[in-house]
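**Student:**
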Amino acid sequence: MKNRSPIFVLFVTILIDLLGFGLIIPIFPIFARELHATNLEIGLIAGIYSLMNFLFAPFWGTLSDKIGRRPVMLISIAITMLSYVFFAFTHSLVYLIISRVFAGIGSANISAAQAYISDITEPKDRAKNMGLIGAAFGLGFIFGPPVGGYLKAMSGAGSVDFVGYFAAGLCAFNFVLAYLFLPESLKVKQSQKKFTYKPIGNLIHELKKPLIRELISINFIFIAAFSMMQITSSILWMERYQLDEKQIGFVFMYIGISSAIVQGGLIGKLSKAFGEKQLLLIGSILMCIGLASIPFVPTDWFYLQLISLTLIALANGCLTPSITSLISQLAPKNEQGQALGTNQSFGSLARVIGPALGGVLYTYHFTLPYVVGGVFMLLSYLIAKQLNKQIVPVKTNAEVQ
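Quick note: the sequence shown uses the working numbering, first residue 84, plus one each step.
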């Protein structure tokens, strides 16, 4: 593996990390229900992870500009491993909250990985390589959810010990892999730069920048809409369509396969054919249709939902790498980590608001999280349409030096 490119090693590192993440996502609402959590409490506890990410992502992003990407990724992997150890011992909502706090704090490796890719790729190839992160997400959701479903069944009702141990073991292996084979990508570190932890100040600083502000807004709206679906879908499929945790795991696996195909292979061709600006429009419309159609599939025709989920996977493949690529092109070279960290931070804030709002809306009616999510994506489309008139594509490396 030492002879492999840094992109390949980075991809493997992120993939292993996201396999652990994929184990947790589909079983979390079911497990929280077993601990007698309400729909609102499920949404709020899910949001704790993202709240910690919101508070710490700017910190990790700025720190990676100062000390390098590699040490930040190693630290985050170690903290994530600790969170899974807590998760394995969880038999109450208190322990569940503690495990999600540590998981959120340690979830900085994605913004560091995005900055890593920005360091070593040309702007014209950036969307394609950013898509590798999305492909890792997709593959994590291919293998993680079904394995998580089986491990949850092995653990029994009210327990997730096998899930936690397996995820912690993945993190331990991942730490060794990154330590041995992942080189530092940041050639010129901002070591003399004064380091201050001002999460709100950094966010306001980035929001003052035209174009980046609009891109962050699109990302915020998209993730809020998607996370409403993500946190309520397991409950919807279990209660309305009578799926068990293993079957739900395979549904998430299908989403992962679709996302991996789009972001791992098609995004480069789509970016060249349409351009990243147009992909923002296409992705917003596809996500709108996909989300809004989910709850209206008849209960005895569940497989029709695969059409909706395919549209959602396509939308995610269009939006996520395009947004991160455009932000990395528009941000100054020495602030790319901070800009991408801020984008991740606002995405995390959306994952705080989205699950909580989704839980409340689901309590009133099971269709509301999906219909409201569709309306959100119409707003995303309008912002992207206005943005299309302002962004000048970056074609050479000179503009980001």
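We put the beta carbon where it would ideally sit given N, CA and C, even for glycine.
Are three or more beta carbon pairs between the region 351-358 and the region 232-241 nearer than 8 Å?
**Tutor:** no
**Student:** So the candidates are 179, 321 and 213; which of them puts its Cα closest to the Cα of residue 331?
**Tutor:** Minimum Cα distance to residue 331 is reached at 321.
**Student:** Check whether the region 453-467 touches the region 299-308, counting contact only when three or more Cβ pairs, one atom from each stretch, lie closer than 8 Å.
**Tutor:** yes
**Student:** Cβ of residue 429 within 9 Å of Cβ of residue 137?
**Tutor:** Yes, they are a contact pair.
**Student:** Taking the alpha carbon of residue 102 as the point to measure from, which residue in 124, 140, 141 and 163 has its own alpha carbon closest?
**Tutor:** 163
**Student:** Flag this pair as yes or no: are the beta carbons of residue 229 and residue 385 separated by less than 9 Å?
**Tutor:** no
**Student:** If you draw a straight line from the C-alpha of residue 314 to the C-alpha of residue 268, how long is it?
**Tutor:** Each residue's Cα considered, the two are about 35 Å apart.
**Student:** Can you find the residues in the same chain that come closer than 6 Å, C-beta to C-beta, to residue 227, ignoring five residues on each side of it along the sequence?
**Tutor:** 102, 105 and 106
**Student:** Let me know if residue 262 comes out buried or exposed under the rule of 16 or more other beta-carbons within 10 Å of its beta-carbon.
**Tutor:** exposed
**Student:** Alpha carbon to alpha carbon, what distance is there between residue 366 and residue 377?
**Tutor:** 17 Å
**Student:** Less than 9 Å between the beta carbons of residue 419 and residue 202, yes or no?
**Tutor:** yes
**Student:** What separation, rounded to the nearest whole angstrom, lies between the Cα atoms of residue 434 and residue 173?
**Tutor:** 22 Å
**Student:** Note the first and the last residue of the continuous alpha helix (DSSP H) segment covering residue 221.
**Tutor:** 206-238
**Student:** Would DSSP call residue 182 helix, strand or coil?
**Tutor:** helix
**Student:** Rounded to the nearest angstrom, what separates residue 401 and residue 394 at their Cα positions?
**Tutor:** 11 Å
**Student:** Given that a residue counts as buried once 16 or more other Cβ atoms are within 10 Å of its Cβ, and exposed if not, what is residue 91?
**Tutor:** It is exposed - the Cβ of residue 91 has fewer than 16 other Cβ atoms within 10 Å.
**Student:** If you count every other CB in all the chains shown that lies within 10 Å of the CB of residue 345, and 16 or more means buried, which is it?
**Tutor:** buried
**Student:** Closest to residue 319 by C-alpha separation, out of 381, 89 and 396, would be which residue?
**Tutor:** 381
**Student:** Quick one: which unbroken alpha helix (DSSP H) runs of 4-plus residues sit fully inside the region 396-455? Chain order, please.
**Tutor:** 419-447
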